[in-house]
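Student: In the numbering used here, the protein residues as written are 139 to 366. A virtual CB, placed ideally from N, CA and C, is assigned to each residue, including glycine. These numbers come from a predicted model, not from an experiment.
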Ligand code: DC
């Protein structure tokens, strides 16, 4: 379903961790010949730099300065985004647990978010992009052509994350607890909390296969293309 129309759409996919955003965004982008941008990877990159530079996750001014002095690059590839921080490939490192936790903490700060949102707009403004995150449809691209809010039952999301990272035993419980805590922080933060945009289509993937979610997302894209 390559997009043959002249105007390239901006597609926003938001939702909580473990709902399947990254997979769907990357598969959808591939089908359309679009690029897929994982906004969460940018928060993760900043979080990693804060860890490395021993900057407090609570220090908004220092985090903003750190962001301003960093080069965070997202490079779409077949298996999701490769991420570079100041020229170094940090794609695997940013998926680790300490960075995951830190990303959720650094992303609560309004000034950090403002900086990230501005960079994300620059990346997506030309269209032909599937951008995924938490606030893409509400804040980064409130005029996106299509907004999908991908959700799933929390127990299923936890299970998917554990399967993805092949975690079993007691650390599985810790990880599930961390995911719940992170979810709560993302949903209740003062600035740009995770909520569906008013005009988002809610897709609940609890009992759907990945292929089925993709099929529904493609159908939504087709509708938007036809109405353009
Ligand atoms: O999508 P992810 O799990 O890689 O995101 C990591 C953290 O970054 C997540 O806890 C919340 C934050 N985030 C955000 O606040 N806004 C976004 N658009 C994307 C991610």
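(1) Below 8 Å, how does it come out for the segment 177-185 and the segment 223-242: are there three or more Cβ pairs, yes or no?
(2) When DSSP builds the beta bridges, which residues end up paired with residue 159?
(3) Are there any heavy atoms of ligand 1 lying less than 7 Å away from the beta-carbon of residue 208, as far as the coordinates show?
(4) Report yes if the C-beta of residue 320 is less than 7 Å from at least one heavy atom of ligand 2; otherwise report no.
(5) What would DSSP say about residue 338, mapped onto helix, strand or coil?
(6) How many Å lie between residue 300 and residue 314 at the Cα?
(7) Expressed to the nearest angstrom, what Euclidean distance is found between the alpha-carbon atoms of residue 186 and residue 150?
(8) Compare the Cα-Cα distances from residue 216 to each of 289, 236 and 172 and report the closest residue.
(9) Contact between the segment 268-277 and the segment 151-162 is defined here as three or more beta-carbon pairs at a separation below 8 Å; is this criterion met?
(10) Give the straight-line distance between the Cα atoms of residue 248 and residue 254, rounded to the nearest whole angstrom.
(11) Can you tell me whether residue 273 sits near ligand 1, meaning its C-beta is under 7 Å from at least one heavy atom of the ligand?
(12) Heavy atom of ligand 1 less than 7 Å from the Cβ of residue 182, yes or no?
(13) Could you check whether the Cβ of residue 262 sits closer than 7 Å to any heavy atom belonging to ligand 1?
Tutor: Taking the geometry as given:
(1) Touching, yes.
(2) Note: residue 159 sits in no beta bridge, so no partner.
(3) In this structure, residue 208 has its CB at a distance of at least 7 Å from all heavy atoms of ligand 1.
(4) In the structure on display, ligand 2 does not appear, and the ligands it does have are ligand 1.
(5) Three-state DSSP puts residue 338 in coil, outside helix and strand.
(6) For residue 300 and residue 314, the distance between alpha carbons rounds to 8 Å.
(7) Their Cα atoms are separated by approximately 25 Å.
(8) Per the Cα distances, 172.
(9) Touching, yes, given that three or more Cβ pairs across the two stretches are closer than 8 Å.
(10) As the crow flies, the alpha-carbon of residue 248 is around 10 Å from that of residue 254.
(11) Within the cutoff, so yes.
(12) Correct: residue 182 has its Cβ closer than 7 Å to ligand 1.
(13) For residue 262, the CB stays at least 7 Å from every heavy atom of ligand 1.
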